[in-house]
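> Chains A and B are the protein sequences, given in the same order.
All residue numbers for the first sequence refer to my numbering, where the first residue is 1 and numbers rise by one.
All residue numbers for the second sequence refer to my numbering, where the first residue is 1001 and numbers rise by one.
2 protein chains.
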Amino acid sequence: MRRILATMPSRAYDVLVGRGCLAGLGSALTRRCPGGKTVVCCDENVAPLYLEQARASLNAGGYEVSHIVIPAGESQKNLARAEELYGVLYDRGIRRGDTMVALGGGVIGDLAGFVAATFQRGVRLVQVPTTLLAQVDAAVGGKVAVDFRAGKNYVGTFYQPWLVYADLATLETLPARELHSGAAEVAKYALLGGGELLDRVGRLAGGPLSAARVSQELVAGCVAQKVAVVAADEREETGARAVLNLGHTVGHAIEGATSFSRYTHGEAVGLGLRASLWLSRRLCGLSAREEARAQALLDGLGLPQRLEAVPGEAVCDLTRLDKKSGRHGVGYVLLDALGSPRLDVRVRPELEREVIEWLVKR
Amino acid sequence: MRRILATMPSRAYDVLVGRGCLAGLGSALTRRCPGGKTVVCCDENVAPLYLEQARASLNAGGYEVSHIVIPAGESQKNLARAEELYGVLYDRGIRRGDTMVALGGGVIGDLAGFVAATFQRGVRLVQVPTTLLAQVDAAVGGKVAVDFRAGKNYVGTFYQPWLVYADLATLETLPARELHSGAAEVAKYALLGGGELLDRVGRLAGGPLSAARVSQELVAGCVAQKVAVVAADEREETGARAVLNLGHTVGHAIEGATSFSRYTHGEAVGLGLRASLWLSRRLCGLSAREEARAQALLDGLGLPQRLEAVPGEAVCDLTRLDKKSGRHGVGYVLLDALGSPRLDVRVRPELEREVIEWLVKR
């Protein structure tokens, strides 16, 4: 098991990464947040697979355990579902010292996390990510939110968990498409970090992607990089945290333009990373060789080759809705070189249209 | 004009207290948050009185100004109204660098504050309190929330404003009942702080309450005390902030038991303060003389003498829903002496019933 200590301005907590460790959740939690009620929130896909194991472990840890199961999918990440969860917590008499356990992928982590952050101005929150995307990215760093209209994560807050507990064995049951989707965030950290992590992800991309080939070191490497970035700018005030937005400006716009249905978040981010690399070569001097290496890495991880079935114009329009966009347009995160991000690069609307067109036609 | 610097862990900001200073809002804001859009949120009572003055001042400060007017009353502090406000911000293309101006009392500050805190994970927030209650208490300290079912402030977060700008002249148009209601929070700070502030509030209670008799020194004194408490425990983690709960455990329960309609928040807190004094004499050794002095202070400020038209049993039940209650019952803030609070005093249910009965029969 790997342990990364996440020391954030607002709270310090452990990120534990293991394989086959779900049965240890209860005892890991008792050492940090003893006593009280726990409410496990998961979706209908995860419930039959891991809910009982999580419940049993929490029970053995001495917790009074209840659960909430909601339908699966990004469309659940809305205010109406949040309000329903508030009602459940209210009816069960949950108080601040009690714990919400978000067992699942990014949707559950964001939704249950937002509810935990705002119910009674914050109950305890434990993230138990069961997807690759959530394990390397979404469960760490404290961003919680629901979507609002076409605005992804438009209603949310910053709220660090008390513990992140990732069991790589849960990736075994992840649909192949979701595993590939999570690989997009892995690729993002590789492109941002370069060095050893890039080499490691390169090796992963060299063969068929499978849960067994995702190592604790790889997940821990991504987490450590995210933690370092977030610790320096927890609430996106200095701008430093924005490097994590690599690939996400276009990625979020693609999700919005397709009503969060055609592509998974990771697939959309994968396409966004491709766009960022293309732009980086034109605007930041990323070499053709490095761009080719990075595009090949995305190929090897099984990410989409091109943007399909989306009007390019709609994507361009939606980049302007990006939460990080300023009054003078969208500031992109691009790369001077692999492992060397540059913040807040202005991209002219013509070039934005051109890269989306390239993404459609390549 | 008085200036109190509120240095909180998450943000430092000024609290400015003046009389007839509303026209200076725009220039005070440009010095702190230059540029961007401002959205002034107020209710139907405040709009005809102060909206145009606030708008003109912000316009003169170079801001693009729009506004939202909602119906008045605590019943507006709900998730449906928050969702409506999200929609307005969304339609107007509000971004993180733009500013929500909460112009009004505690309801507007809490509701618009919660929306500002959560829209895009936080836009800028400026509190312009126009009631005595909001000026001495609600607008300072970063608590924002909406009510949920019978749970007051059950959905919310901690979000410090960028500026608090209080114009005592706005108290001239406050209904007498609201002025008296605000005096309950003034009394709370006097009872907690003792000393000079208690003497000052004692003098205020010695004559008929009027806006003209509320001084900048008095408001600034309450604010300074609140700031000191909140700075030491911004998110209610160490327990120190709980002293501000003096009178509020019973006060909130009274509000809940009467569906937030029979009493104003301040009136309910006034009754809660009376209960706290009664309990303090029995449990903490507050002297009979001091209790009498304090009850007389509440009389002088025109606060309700007794609890009317509420089943006492319902109030007792609702104290158990208090967000600050633990697994072993409600922890009250009581007073060893005037100016000397004691935290987390356990009150047996029988005594709780007895004090509510006293409050009904006195």
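All C-beta atoms, glycine included, are put in the ideal place defined by N, C-alpha and C.
Just so we're clear, the structure is a prediction, and the values are computed from it rather than from any experiment.
Taking Cβ to Cβ, would you say residue 186 of chain A is nearer than 7 Å to residue 279 of chain A?
no
> Between which two residues does the alpha helix (DSSP H) holding residue 127 of chain A run?
Looking at the DSSP string, residue 127 of chain A is not in any alpha helix (DSSP H); the run it does join, the beta strand (DSSP E), is 124-129.
> Do you know offhand how far residue 990 of chain B's Cα is from residue 1168 of chain B's?
A question about residue 990 of chain B goes unanswered here, because the residues of chain B that appear run from 1001 up to 1362.
> Strictly below 8 Å CB to CB, what residues from chain C border residue 1260 of chain B?
Reference to chain C is not applicable here, since the protein chains of this structure are A and B.
> Kindly list the residues whose CB is nearer than 7 Å to the CB of residue 32 of chain A, restricted to its own chain and excluding five residues on each side of it in sequence; keep chain order.
162, 163
> With a threshold of 6 Å on Cβ separation, who are the neighbours of residue 1303 of chain B within its own chain once the five nearest residues in sequence on each side are excluded?
Only 1184, 1270 meet the Cβ criterion.
> Which class does residue 1041 of chain B belong to by DSSP, given the choice of helix, strand or coil?
Three-state DSSP puts residue 1041 of chain B in a strand.
> Please determine, among A:115, A:52, A:160, A:276, the residue with the shortest C-alpha to C-alpha distance to residue 67 of chain A.
A:52
> Assuming residue 1015 of chain B contacts residue 1006 of chain B under a Cβ cut-off of 8 Å, what Cβ separation, rounded to an integer in Å, is found between them?
Yes, they are in contact, since the Cβ atoms of residue 1015 of chain B and residue 1006 of chain B sit about 6 Å apart, within 8 Å.
> Note down, in chain order, each residue of its chain lying with its Cβ closer than 7 Å to the Cβ of residue 284 of chain A, except the 5 sequence neighbours on either side.
334, 335, 336, 342, 345
> Less than 8 Å between the CB atoms is what I'm expecting for residue 130 of chain A and residue 46 of chain A, so what's the real figure, rounded?
Taking C-beta atoms under 8 Å as the contact rule, residue 130 of chain A and residue 46 of chain A qualify, at a distance of about 6 Å.
> Residue 91 of chain A to residue 38 of chain A, Cα distance in whole Å?
14 Å
> CB residue 1267 of chain B to CB residue 1312 of chain B, shorter than 7 Å?
no
> Less than 7 Å between CB atoms is the rule here; does residue 1149 of chain B satisfy it with respect to chain A?
yes
> If you drop the 5 nearest sequence neighbours on each side, which residues of the same chain put their C-beta closer than 7 Å to that of residue 82 of chain A?
111, 114, 115, 146
> With distances taken between CB atoms, is the gap from residue 157 of chain A to residue 1030 of chain B smaller than 7 Å?
no
> Tell me which residues of the region 1073-1091 of chain B have at least one Cβ-Cβ distance to chain A shorter than 7 Å, keeping chain order.
Correct list: 1079, 1083, 1086, 1090.
> Hey, residue 190 of chain A and residue 58 of chain A are a contact pair by Cβ (cut 8 Å); roughly how many whole angstroms apart?
Incorrect: roughly 34 Å between the Cβ atoms, too far for contact.
> Within 10 Å of its beta-carbon, does residue 1253 of chain B have 16 or more other beta-carbons around it, so buried, or fewer, so exposed?
buried
> Please check if any C-beta of chain B sits within less than 7 Å of the C-beta of residue 157 of chain A.
yes
> I think residue 195 of chain A touches residue 26 of chain A, with their Cβ atoms under 8 Å apart; what is that distance to the nearest whole Å?
That pair is no contact at about 37 Å.
> Rounded to the nearest angstrom, what separates residue 18 of chain A and residue 85 of chain A at their Cα positions?
30 Å
> Going by DSSP, what residue range makes up the beta strand (DSSP E) through residue 1068 of chain B?
1064-1070
> So residue 1112 of chain B contacts chain A; which residues on that side make the cut at Cβ distance below 9 Å?
Within chain A, no residue has its CB atom less than 9 Å from the CB of residue 1112 of chain B, the nearest being about 14 Å off.
> Restricting to Cα atoms, I'd like to know which of A:286, A:265, A:249 is closest to residue 318 of chain A.
Closest option to residue 318 of chain A, judged by alpha-carbon separation, among A:286, A:265, A:249: A:249.
> Any contact between the region 62-81 of chain A and the region 117-129 of chain A? By contact I mean 3 or more CB pairs, one from each, below 8 Å.
no
> In chain A, which residues lie with their C-beta within 7 Å of the C-beta of residue 1117 of chain B?
Ordered by position in chain A, the residues that pass the 7 Å Cβ test against residue 1117 of chain B are 157.
> Near residue 1221 of chain B, what residues of its chain come up, given a Cβ to Cβ distance below 8 Å and the 5 sequence neighbours on each side ignored?
Non-local beta-carbon contacts of residue 1221 of chain B in its own chain, meaning distances under 8 Å to residues more than five positions away in sequence, involve 1189, 1193, 1196, 1197, 1200 in chain order.
> Quick one: is residue 1239 of chain B buried, meaning 16 or more other Cβ sit within 10 Å of its Cβ, or exposed?
exposed
> Between residue 1040 of chain B and residue 1135 of chain B, is the Cβ-Cβ spacing less than 7 Å?
no
> To which residues of the same chain is residue 1300 of chain B closer than 7 Å at the C-beta, ignoring the five residues directly before and after it?
Within its own chain, the residues whose Cβ lies closer than 7 Å to the Cβ of residue 1300 of chain B, once the five positions on either side in sequence are excluded, are 1205, 1206, listed in chain order.
> Under three-state DSSP, which class holds residue 946 of chain B?
A question about residue 946 of chain B goes unanswered here, because the residues of chain B that appear run from 1001 up to 1362.
> Starting from residue 1114 of chain B and walking both ways along the beta strand (DSSP E), at which residues does that stretch end?
Residue 1114 of chain B -> not in any beta strand (DSSP E); alpha helix (DSSP H) instead, spanning 1106-1118.
> Taking residue 6 of chain A as the query, report the chain B residues whose CB atoms sit under 7 Å from its CB, ordered along the chain.
Simply none; closest approach about 17 Å.
> Which one or two residues does DSSP pair with residue 332 of chain A in a beta bridge?
A:345
> Does DSSP put residue 1156 of chain B in a helix, in a strand, or in coil?
strand
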